[in-house]
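First the structure, in the form of structure tokens, and then the observations on it.
4 protein chains.
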Amino acid sequence: MPTPTTPQEACFEAGIKFGSLYHQFAGTPVSPSSARSLATAMEEAIENQPHCTDVSVAVDEVALAEAIEDGGADYTELTGRFLEVELAIEYEGVRAVAGMELVDGYPLMTLRRVEHPDD
Amino acid sequence: MPTPTTPQEACFEAGIKFGSLYHQFAGTPVSPSSARSLATAMEEAIENQPHCTDVSVAVDEVALAEAIEDGGADYTELTGRFLEVELAIEYEGVRAVAGMELVDGYPLMTLRRVEHPDD
Amino acid sequence: MPTPTTPQEACFEAGIKFGSLYHQFAGTPVSPSSARSLATAMEEAIENQPHCTDVSVAVDEVALAEAIEDGGADYTELTGRFLEVELAIEYEGVRAVAGMELVDGYPLMTLRRVEHPDD
Amino acid sequence: MPTPTTPQEACFEAGIKFGSLYHQFAGTPVSPSSARSLATAMEEAIENQPHCTDVSVAVDEVALAEAIEDGGADYTELTGRFLEVELAIEYEGVRAVAGMELVDGYPLMTLRRVEHPDD
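Residue numbers (numbering that gives the first Met the number 0), protein chains in the order written: chain A, 0 to 118; chain B, 0 to 118; chain C, 0 to 118; chain D, 0 to 118.
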């Protein structure tokens, strides 16, 4: 039966938040000294979205410093390889947790856990 | 058991594409004469993303023309109330279809169908 | 003679920073409680860009609260009518200051002052 | 005297368009097969903005193909090193032309010509 279940809808919501976070902020000029304010703004912005209870964003300041040293400027542009993110959705009793981390040098978004009452 | 199922992962992928599409392109300067090239670019850009087989974007040129008439310029900025979107994900044998349309004047993203072999 | 002057280049730099600030962050989910972290991140992000010495961003939390009350959600998307911005460029001895504010309900970016030694 | 001149204002407008173009579209998923529709959408979107008469965007499909081959996916994200851009502003009789191209591997935006009646 193709009608989506509540857990599937919770997972869809988790995906929306991840795509939003990434594509809203990718390309932002960032340096080690501005990394923290950007991470905080990303967390608080996405937590505004429906059903999103927690967002945690860490910017890898070491990777950032290395990329800046390799480049020709005092800053770089935010991209997934500088980010570690975890976020949680609560949707009609279901909790979905998703994260992003580097796998073989590339940022991968994955659904980590889907917890619901009838499990 | 909290380990995500394949259909749940497909729904997560559908959400990622929707959030990406929306937050990459929201804010783009748009007018009735440029609406079509923007819609095409949005479709082709998001179809690049993993597991995304079809994206269909329509920009409501009538709503666009009205917003421009109300405003003080010859264009406006792209936002969800000008868009109708449907996209499909194929992920390990599961097909998830999601869409966005106006509900009570506000754009709502919904998971429409999740089709998989063991249904 | 069409070769740009140093003051003209400083004005070009000021424009780049304004367009960057606006189109990087327009569309961000925002509410009165997240407005401050977003404003800080915008300031620190754009101050990374070359020749940009000061950026000051204020989000109009009253206008934000009104827009949210009119809408159907607990947040809205950042757009120019919620913003007051001023930024300064120092470029080869020239200082250019530009700002954005509402004029007849629409956000207008203007070059405010161009100060240079040979004035 | 710090009041901006008309040519300086034209240069400010040129900068705004450049920053807009870059930060609106940076991060868009792109591949050789979608590069053309993205370039067209970028041109038509920015030509909507006030005083902007021509925008020409070329995406370097060879550089794109190389970046994709180096990476782990079938696409990459748009960034300045794949772009060549030129745009023109006509503002109260002044024509300002600006461009972006790679200099030592990094994208540089420069003001190319400022033409006005009293030259």
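Virtual Cβ for every residue (Gly too), placed ideally from N, Cα, C.
Give me, in chain order, the residues of the same chain whose beta-carbon lies closer than 6 Å to that of residue i; leave out the 5 immediate sequence neighbours on both sides.
i	result
THR75 (chain D)	ALA66, ILE67
GLY79 (chain A)	PRO106
MET108 (chain B)	PHE17, MET99
ASP123 (chain B)	Since the first residue shown for chain B is 0 and the last is 118, residue 123 (chain B) is missing from the structure and cannot be characterised.
ALA83 (chain A)	The question names Ala, yet the displayed sequence has Glu at residue 83 (chain A). If we look at GLU83 (chain A) and ignore the five residues flanking it on each side, its Cβ neighbours are ALA57, GLU100.
ALA38 (chain C)	VAL56, VAL58
PHE81 (chain D)	VAL58, ASP59, ALA62, LEU63
On the DSSP letters alone, give me the boundaries of the beta strand (DSSP E) that residue i sits inside.
i	result
ASP69 (chain B)	That residue, ASP69 (chain B), is in no beta strand (DSSP E); its alpha helix (DSSP H) goes 60 to 69.
TYR105 (chain A)	105 to 114
GLU89 (chain D)	82 to 90
ALA95 (chain B)	93 to 102
In chain A, what lies closer than 9 Å to residue i by C-beta?
i	result
PHE17 (chain B)	PHE11, GLY14, ILE15, GLY18, SER19
GLU8 (chain B)	CYS10, THR109, LEU110
Ignore the nearest five residues each way along the sequence and tell me which others in residue i's own chain have a CB closer than 7 Å to its CB.
i	result
GLY120 (chain C)	Missing from the structure shown is residue 120 (chain C); chain C here goes from 0 to 118 and no further.
CYS10 (chain B)	ALA95, LEU110, VAL113
GLU89 (chain C)	HIS50, THR52
ALA34 (chain A)	VAL58, GLU60, LEU63
With respect to the alpha helix (DSSP H) encompassing residue i, which residues constitute its N-terminal and C-terminal limits?
i	result
ALA40 (chain C)	34 to 46
PRO3 (chain A)	Neither: PRO3 (chain A) is in no alpha helix (DSSP H) and is coded neither H nor E.
Could you tell me the distance, in whole angstroms, from the CA atom of residue i to the CA atom of residue j?
i	j	result
GLU43 (chain B)	GLU91 (chain C)	43 Å
GLY71 (chain B)	PHE17 (chain C)	20 Å
VAL58 (chain C)	VAL93 (chain C)	28 Å
SER55 (chain D)	PRO3 (chain A)	44 Å
LEU63 (chain D)	LEU20 (chain D)	19 Å
TYR105 (chain B)	ALA87 (chain D)	37 Å
VAL29 (chain B)	ILE15 (chain C)	20 Å
ASP69 (chain C)	GLN7 (chain C)	43 Å
MET99 (chain C)	PRO1 (chain A)	50 Å
ASN47 (chain B)	THR5 (chain C)	42 Å
HIS115 (chain D)	VAL61 (chain D)	38 Å
ALA40 (chain A)	SER32 (chain C)	11 Å
HIS22 (chain D)	GLU85 (chain D)	16 Å
ILE45 (chain B)	ALA97 (chain B)	13 Å
SER36 (chain C)	SER36 (chain A)	7 Å
PHE24 (chain B)	PHE24 (chain D)	7 Å
Could you tell me which chain A residues have their CB closer than 8 Å to the CB of residue i, listed as they occur along the chain?
i	result
GLU76 (chain D)	ALA25, THR78
ALA72 (chain C)	PRO49
So which residues of chain E does residue i contact, with C-beta pairs closer than 7 Å?
i	result
PRO28 (chain A)	Among the protein chains in the structure shown, which are A, B, C and D, there is no chain E.
For a contact defined as C-beta to C-beta under 7 Å, what are the partners of residue i on chain C?
i	result
LEU37 (chain D)	Going along chain C, no residue has its Cβ under 7 Å from LEU37 (chain D), so there is no contact; the nearest lies around 15 Å.
Go through its chain and collect everything with a Cβ distance to residue i's Cβ below 8 Å, but skip five positions before and after it.
i	result
GLU12 (chain A)	PRO49, HIS50, CYS51, ILE88, TYR90, ALA95
ASP73 (chain C)	SER30, ILE67
Could you tell me which chain C residues have their CB closer than 8 Å to the CB of residue i, listed as they occur along the chain?
i	result
SER33 (chain A)	ALA40, GLU43, ALA44, GLU46, ASN47
ALA97 (chain D)	PHE11
In chain B, which residues lie less than 7 Å from residue i when you measure between Cβ atoms?
i	result
MET108 (chain A)	ILE15
ASP103 (chain C)	GLY71
Along chain C, in chain order, which residues have C-beta atoms closer than 9 Å to that of residue i?
i	result
HIS115 (chain B)	Ordered by position in chain C, no residue passes the 9 Å Cβ test against HIS115 (chain B), which lies about 32 Å from the chain.
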